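Trainee: Residues in the sequence shown are numbered from 30 upward in steps of one, following this note's numbering.
The C-beta atom is built at its ideal place from N, Cα and C for all residues, glycine as well.
What you are looking at is a predicted structure, and each value in this text was computed from that prediction instead of being measured.
This is the structure I want to talk about, given as C-alpha cells.
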Amino acid sequence: MKQPLSQVWDLDVFFPGGSSSESFAQFLRQLERELERFSEEVRVAAEEGAHENESAGRLAGLVDSVQRMTLMLREADSFVSCLTAQNQSDRKAVQLTGQITAIGAAFSSALTRFDQLLAQIADSDWERLLGSDPFRKIAFPLDERRRLAKEKLSPELESLIADLAVDGYHGWGEAYNTAVGKFKLDFEENGKTVTLSAGQAANKLHSPDREVRSRLFAQWEKAWSESADYAADALNRLAGFRIQTYKHRGWDSILKEPLDINRMSERTLSVMWDVIERNKSVFVDYLKRKAELFGIESLSWHDVEAPVGDAAKEVPYDEAARLIVESFGKFSPKMAEFAVKAFEGRWIEAEDRPGKRPGGFCTSFPIKGQTRIFMTYANTASNVATLAHELGHAYHQEVMNDMPALAQEYAMNVAETASTFAEMIVADATLKQASSDAERLALLEDKIQRSVAFFMNIHARFLFETEFYEERKKGLVSVERLNELMTDAQRRAFRGALSEYHPHFWASKLHFYITSVPFYNFPYTFGYLFSSGIYAAALREGAGFEDKYVALLRDTGSMTVEQLASKHLGVDLTQPDFWQSAVDLAVADVKAFLDMTR
C-alpha cells in the first residue's frame, strides 16, 4: 500500500466542482425527467386497471425504471450528503439537499402507486410472475413491497403524506442539522482557547485527561442546553408526524415501521433485549472496577468511554491503515484488497479540521461502483475501530455491486453486522499484537467499551425513545421532561452505576433526528451480536469461511433476518440460545479484564 495516504476524499470523480458542479446539475435534470416519465407510466397503468397490469412485459419495464431511478437517487443523495458533511457552511449543498429531498418525495409518491399496482395482481398470477425472469432475483423485495402496500392508505393519501413530509417531516430533520452546523464551543487547553465544532468536541470527550473531560463535558451540556428549545421542537414535530401517520394507517405499535424496515420480528427484538438485561451485572462490575482504577467512587457519563491507563498509544492514520489491511488479510484476502483500494483511491475523508459534521458514516455510489467513508480521525484506538467499522460497511456494498438494485437494499441491522464484524477482526488483531500487559489491558478495555455502548448506551436510547413516543401521543414534551426521560433511561440501562448522566444527550445525538429510519438504535445492538455469531463461525472454520461470509452478505437484501440466520448460521433468532452465546463472548472479555485488574 502506497503511503503517505491522503486523509481527504475525492468527490470530483463523481461530479467535478462540488456543490457548483454543472455535471451534477445535469444529472439531477436527467433524474427528474426519468421520474416524470415513470410517474406517467404508473398513472396510465393504474387507469387501465388490474387486467392490463398483469402483463409481465409492462411490469418488467416498470421494475426496470424503479431500479434505474433507485440507483440514480442513491448516487445523488450520497454526493450531497458528502458535501454537507465535509463543510457544514456550504449553503449550496444545503439547497441541493432540499432538492434531493423533493425528488425523493416525488419518487416515493410514484412508488406508492407502483406498489398498489403490485397489490392489485391476483395471488396466483403474482406467484407465477415471481418465479419467472426477470423477477426471480428480486422476488423477495417485490413481494415485500406488495405486502406492505396492503397495510397502508390509498395511493392518493400516501402520496399526500410524502409530499407534505418534504417541508414538514424531513424539513424538521434538516432544521436540526442546520442548528448542529452552527454549534461552536470555546474550550481552553494548555493556555490556549480553541473553537471546537460538534465533531471535534465529541472526539475530545474521550480524552485520557479526566480534568479535560470533566470541564469539557460541563461546557458540552451547557452548550446543548442553550440549543435545547430548537432540538425539542424538531424532535417533537418528527415524532408527531410519525404518530399521526401511523394512526391513520391503523398501526397500533410505534415499533411496526422500524421492525418492518429491519425485516425482523418483535419477538426477536424482545428476546435480544431480555438476554442482554439478564447479563448486565457483570458489566456493572466492570464499570465499578474502572471507577476504582480511576481512583473515584463511581464513573461519570464522560468516564465510560475514557481509556484506562496511558498505555493506549496514539495511532497515526497510516499506521491504522496498515493494521486494518493486515488484519483483514488474515481473515479474507478479498477484504484486504478492497481496503487497499479504498485507502489508495481516496475514498475516505478523515482529516481533523473545523467545519465538519460530527460522527462517521459510509455511503455508496452504486452507479460508479464506489463508496465513501466520512469521519474525523484523531489518532485514537476508538478512531481505528471507527475506520474499520466503516470499511466493513463499504465491503458489504462492494460484494453487492453486481446485484439488481432492489436486491441491494439491505436493512440497517444487517448493515451494522458487516461493519461490526470488521471491527471485531481488527480489535482481536490489535490485542494479539500488544507489546505489554498494560497495552493489552488498554486494548481489551477499548473492546469492552463497545459492548457497554451496545448493551447499555444504545439500550438507554431505545428506552428513551419508547417512553418519549408514549408521552408524545398525549402532547408536546418539554425540554425539562425530555431531560428527565433521558436521565431515567440512562439510569435504567446502566443499572444506576454512574454518578452523573447526560440529560441533553437527546439533543446532541444526530440519530434521534434521522428521518429515513425511526428508532436508529436497536439495529446497532442486533448487528453487534449477530456479527459476534458470525465471527465465532469464522474462527471455527478458518479460511474456508470467506466465501460463506460473502454469500451471507449477498443475501442480506433478499430475506428476513430470521431467515438469514437460519440459512447461513443454522440458528433461531426468536430463541435466547443464539443471543446468549453471542453475549458470552463479551462477558468473557469483561472477566478477563477483571482478572487482569485484581
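For a quick check, are the C-beta atoms of A447 and I290 less than 8 Å apart?
Mentor: It is not a contact, given that the beta carbons lie outside the stated cut-off.
Trainee: Short check: CB of A526 to CB of V337, under 8 Å?
Mentor: No, they are not a contact pair.
Trainee: So L492 and R521 are supposed to be a Cβ contact under 8 Å. How far apart are they, rounded?
Mentor: With a Cβ gap of about 6 Å, L492 and R521 count as contacting.
Trainee: Examine the Cβ distances between the segment 449-467 and the segment 412-424 and report whether three or more of them are shorter than 8 Å.
Mentor: The segment 449-467 vs the segment 412-424: in contact.
Trainee: Closer than 6 Å by C-beta to G398: which residues in its own chain qualify, once you throw out the five before and the five after it? Chain order, please.
Mentor: Closer than 6 Å at Cβ, skipping near neighbours: N430.
Trainee: Could you compute how far the alpha carbon of Y346 sits from the alpha carbon of E373?
Mentor: C-alpha separation (whole angstroms): 13 Å.
Trainee: Expressed to the nearest angstrom, what Euclidean distance is found between the alpha-carbon atoms of T589 and I150?
Mentor: Cα to Cα, the separation comes out at about 23 Å.
Trainee: Tell me the rounded alpha-carbon separation between Q36 and T405.
Mentor: When rounded, the distance between both Cα atoms is 9 Å.
Trainee: As a quick exercise: from A261, L171, F169, pick the residue whose alpha carbon is nearest that of Y205.
Mentor: Looking at the Cα atoms, A261 is the closest of the given residues.
Trainee: To the nearest angstrom, how far is it from the Cα of R510 to the Cα of G504?
Mentor: Cα-Cα distance, rounded: 12 Å.
Trainee: What residues match up with F18 in a beta bridge as DSSP calls it?
Mentor: Here the chain covers residues 30 to 627 and nothing more, so residue 18 does not appear.
Trainee: Taking the alpha-carbon of W330 as reference, which of K213, Y259, N486 has the nearest alpha-carbon?
Mentor: The shortest C-alpha separation from W330 is found at N486.
Trainee: Would you call V73 buried or exposed, if buried means 16 or more other Cβ atoms sit within 10 Å of its Cβ?
Mentor: Looking at its Cβ environment, which holds fewer than 16 other Cβ atoms inside 10 Å, V73 is exposed.
Trainee: Which residues share a DSSP beta bridge with V223?
Mentor: Its beta-bridge partners are F216.
Trainee: Relative to the alpha-carbon of G139, which residue among D517, L186, F53, T585 has its alpha-carbon at the smallest distance?
Mentor: It is Ala, not Gly, that sits at residue 139 in the sequence shown. The shortest C-alpha separation from A139 is found at L186.
Trainee: Quick check: what's the CA-CA separation for S610 versus S243?
Mentor: Their backbone Cα atoms lie some 37 Å apart in a straight line.
Trainee: Relative to the C-alpha of M432, which residue among T224, L234, R266, G586 is closest?
Mentor: Taking only the C-alpha atoms, the option nearest M432 is G586.
Trainee: With H, G and I counted as helix, E and B as strand and the rest as coil, what does DSSP make of N82?
Mentor: No answer about N82 holds up, because its pLDDT of 45 lies below 50 and its placement is not dependable.
Trainee: Do you know whose CA, among V579, S48, L245, lies nearest K121's CA?
Mentor: Minimum Cα distance to K121 is reached at S48.
Trainee: Does the segment 295-309 come close enough to the segment 600-609 to have 3 or more Cβ pairs within less than 8 Å?
Mentor: The segment 295-309 is in contact with the segment 600-609.
Trainee: What would DSSP say about E378, mapped onto helix, strand or coil?
Mentor: Here E378 sits in strand by DSSP.
Trainee: Look at the alpha carbon of N82 and the alpha carbon of E156, and state the distance between them as a whole number of angstroms.
Mentor: Low confidence applies to N82: its pLDDT is 45, below 50, so where it sits in the model is not reliable, and the reading given next is rough at best. Rounded to whole angstroms, N82 to E156 spans 15 Å at the Cα level.
Trainee: Closest by CA to P163, which one among S361, L328, K211, V92?
Mentor: Closest by alpha carbon: V92.
Trainee: Enumerated in chain order, which unbroken segments of the alpha helix (DSSP H) with a length of 4 residues or greater are wholly contained in the segment 392-446?
Mentor: Entirely contained in the segment 392-446, the alpha helix (DSSP H) runs reaching 4 residues are, in chain order, 410-427.
Trainee: Taking all protein chains shown into account, do 16 or more other C-beta atoms lie within 10 angstroms of the C-beta of L57, making it buried, or fewer, making it exposed?
Mentor: The residue is buried, with at least 16 neighbouring Cβ atoms inside 10 Å.
Trainee: Can you tell which of L264, L177, V455 has the C-alpha that lies nearest to the C-alpha of N512?
Mentor: Among L264, L177, V455, the Cα nearest to that of N512 is on L264.
Trainee: Could you give the uninterrupted runs of the alpha helix (DSSP H) lying entirely in the segment 323-383, keeping only those of 4 residues or more?
Mentor: The segment 323-383 contains these whole alpha helix (DSSP H) runs: 346-360, 362-373.
Trainee: With distance defined between alpha-carbon atoms, name the residue in R103, G573, S94, D41 nearest to S545.
Mentor: S545 has its Cα closest to that of R103, out of R103, G573, S94, D41.
Trainee: To which residues does DSSP link F390 through a beta bridge?
Mentor: F403, per the DSSP bridge assignment.
Trainee: My assumption, with CB atoms under 8 Å, is that L214 sits in contact with A252. Please give the rounded CB distance.
Mentor: Between A252 and L214 the Cβ distance is about 5 Å, and since that is below 8 Å, they are a contact.
Trainee: Identify every residue that forms a DSSP beta bridge with L527.
Mentor: Paired residues: L328.
Trainee: Just the C-alpha distance for V313 and F523, rounded to the nearest angstrom, thanks.
Mentor: Looking at the two C-alpha atoms, the distance is approximately 7 Å.
Trainee: Hey, would you say L514 sits closer than 8 Å to F497, going by beta carbons?
Mentor: Yes, Cβ-Cβ distance for L514 and F497 is below 8 Å.
Trainee: Going by the CB atoms, is the gap between P605 and V300 shorter than 8 Å?
Mentor: Going by C-beta atoms, V300 is nearer than 8 Å to P605.
Trainee: Grouping DSSP H, G and I as helix and E and B as strand, with all else coil, what is F551?
Mentor: Helix at F551.
Trainee: Under the three-state reduction of DSSP, which class applies to E180: helix, strand or coil?
Mentor: E180 falls in the coil class under three-state DSSP.
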